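Numbering (our numbering), first residue to last: 26 to 194.
Just so you know, even glycine gets a beta-carbon here, dropped at the ideal spot from N, CA and C.
As the structure is a prediction and not an experimental result, all values here were calculated from the model.
Contents: one structure, followed by commentary.
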Ligand SMILES: [Zn+2]
C-alpha cells in the first residue's frame with residue numbers, strides 16, 4: 026500500500042471495492058491525538074465522526090473515490106474558544122477539499138497546459154472528469170508567484186473566456 030498509495034500512509038484502510046466503473050477506498054484516520062488548529066492542544070476525545078468523500082487520481086484508468094472517516098474532537102483547553110475541531114489529513118487533502126492533493130496538482134497541470142475546454146475534455150481520459158470552471162479554479166487557487174509588482178496588466182484575447190493572463194514587465 027505504501028508504495029502504490031503513499032498519500033494514504035498513516036490511514037487505516039477498511040476496504041477497496043469495485044463499484045460500477047469506480048474503485049472505492051474506505052479509510053479512516055489512525056486514532057492518534059490531533060492538534061487543535063486554534064491553540065495546538067492535542068486531543069483524542071471524540072465529539073463525533075463524519076465522512077469525507079475525496080476524488081483521487083485514477084487506478085488502471087478507473088476513477089477512484091476515497092471515503093474517509095474523520096473525527097471531530099473536543100479541544101479541552103478552556104482558554105481556547107473553539108470547543109471542537111475537525112481533524113485534518115494534510116498529506117492527503119486540504120481542509121474542505123473534495124479532491125486529494127495529488128489529483129488537484131494533476132488538474133492544475135492539465136489546466137495550465139491545455140486551458141479550460143480542452144483540459145476538461147482531457148480529464149475524461151484521465152478518469153477524473155471535471156468541468157472547465159473547476160479546472161480554471163485550480164489555476165486561480167495557485168499562490169501568486171513572487172515577482173514584484175506587475176507593470177503591465179492585460180488579457181490575452183486569444184484565450185479570452187479561459188482565464189485572464191497577468192503579464193509581468
Ligand atoms: Zn484549542
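- Between residue 99 and residue 70, the C-beta gap is smaller than 8 Å, which places the two residues in contact.
- No Cβ-Cβ contact shorter than 8 Å links residue 49 with residue 74.
- The three-state reading of DSSP puts residue 165 in helix, counting H, G and I together.
- Looking only at 97, 139, 103, 51, the smallest Cα-Cα distance to residue 79 is reached by 51.
- Residue 107 has its CB nearer than 7 Å to a heavy atom of ligand 1.
- Leaving aside the five residues that flank residue 154 on each side, the residues in its chain whose CB is nearer than 7 Å to its CB run, in chain order, 148.
- In the DSSP annotation of this structure, the continuous segment of the alpha helix (DSSP H) that includes residue 132 starts and ends at 126-139.
- Residue 88 and residue 104 have their C-alpha atoms spaced approximately 45 Å apart.
- Its Cα nearest to that of residue 68, the residue 102 stands out among 86, 26, 38, 102.
- Residue 116 and residue 34 have their C-alpha atoms roughly 9 Å apart.
- Looking at 72, 84, 106, 56, the one whose alpha-carbon comes closest to that of residue 41 is 84.
- Residue 163 and residue 118 have their C-alpha atoms spaced approximately 14 Å apart.
- Just so you know, the alpha carbons of residue 106 and residue 145 end up roughly 42 Å apart.
- Between residue 65 and the set 141, 109, 55, the nearest pair of CA atoms involves 109.
- Relative to ligand 1, the beta carbon of residue 63 is positioned inside 7 Å of a heavy atom.
- By the Cβ neighbour-count rule, residue 57 is exposed, with fewer than 16 other Cβ atoms within 10 Å of its own.
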